[in-house]
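Input: a single structure, listed below in structure tokens.
Next up, the structure:
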């Protein structure tokens, strides 16, 4: 991702109606830090509207993963045997259900803990898994590459800003996890 794109990682969404009746979503961060470690607890430094957005995204992620029908989900599941379809199918048969279950449990954890002031390491791991899964899914749907810049006037600007914000949250969560 370019630094211009990453710098759009900003925060809660605010709707603003433009003259052409297209909704425009603006993201702004009120704080420079989203997570902070204090001993064995990780403090969640998100505003209430940010927490609500994370919870709603986790619920949507849960629904998509549970349905297990969206072709964009393939980005979430590792390919262990490139070029060997039979071995890859066998591998997927072994691990796919566990990966789905783990993602569903992580999404549930994020929803349950979205209003918590602090998390333990296991809960933070769930947050990181869901944030990363959301980024992968949204990035796949937007067909984004690392070379893509950010155009605030583009039709998909709100989704790209959301992707950048999810990236910011993931980076902050990884930082808090590594401080432990």
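Numbering (our numbering), first residue to last: 421 to 600. We put the CB at the ideal spot given by N, CA and C, even for glycine.
- Message: For a quick check, are the C-beta atoms of residue 481 and residue 527 less than 8 Å apart?
- Response: Taking the first residue of the chain shown as position 1, residue 481 is located at position 61. Taking the first residue of the chain shown as position 1, residue 527 is located at position 107. With contacts defined by Cβ atoms closer than 8 Å, residue 481 and residue 527 form a contacting pair.
- Have a look at 580, 537, 518, 470 and flag the residue whose alpha-carbon is nearest the alpha-carbon of residue 557. By one-based count along the chain shown, residue 557 stands at place 137. It is 580 whose Cα lies nearest to the Cα of residue 557.
- Under 8 Å by Cβ, that's how I've got residue 485 and residue 520 pegged, so tell me the actual separation to the nearest angstrom. Along the chain shown, one-based indexing puts residue 485 at 65. Along the chain shown, one-based indexing puts residue 520 at 100. Correct: roughly 6 Å between the Cβ atoms.
- Measure how close the beta-carbons of residue 599 and residue 457 come, nearest whole angstrom, since I'm counting them as under 8 Å. Taking the first residue of the chain shown as 1, we reach residue 599 at position 179. Taking the first residue of the chain shown as 1, we reach residue 457 at position 37. Confirmed, Cβ separation roughly 4 Å.
- In DSSP terms, what residue 463 is bridged to: Within the chain shown, numbered from 1, the residue matching residue 463 stands at position 43. The partner list for residue 463 (beta bridge, DSSP) reads 456, 538.
- May I ask you to verify whether the stretch 460 to 468 touches the stretch 489 to 502, counting CB pairs closer than 8 Å and requiring at least 3? Using a Cβ-Cβ distance cut-off of 8 Å, the stretch 460 to 468 and the stretch 489 to 502 are not in contact, since fewer than three pairs of beta carbons, one from each stretch, lie closer than that value.
- Query: Taking the alpha-carbon positions, what's the residue 511 to residue 518 distance?
  - Reply: Counting from 1 along the chain shown, the entry for residue 511 is found at position 91. Counting from 1 along the chain shown, the entry for residue 518 is found at position 98. Note on geometry: alpha-carbon atoms of residue 511 and residue 518 lie some 12 Å from one another.
- Message: Do residue 562 and residue 586 have their beta-carbon atoms positioned less than 8 Å apart in this structure?
- Response: What you label residue 586 is simply residue 166 of the chain shown in a count that begins at 1. What you label residue 562 is simply residue 142 of the chain shown in a count that begins at 1. In this structure, residue 586 lies away from residue 562, with their beta-carbon atoms at least 8 Å apart.
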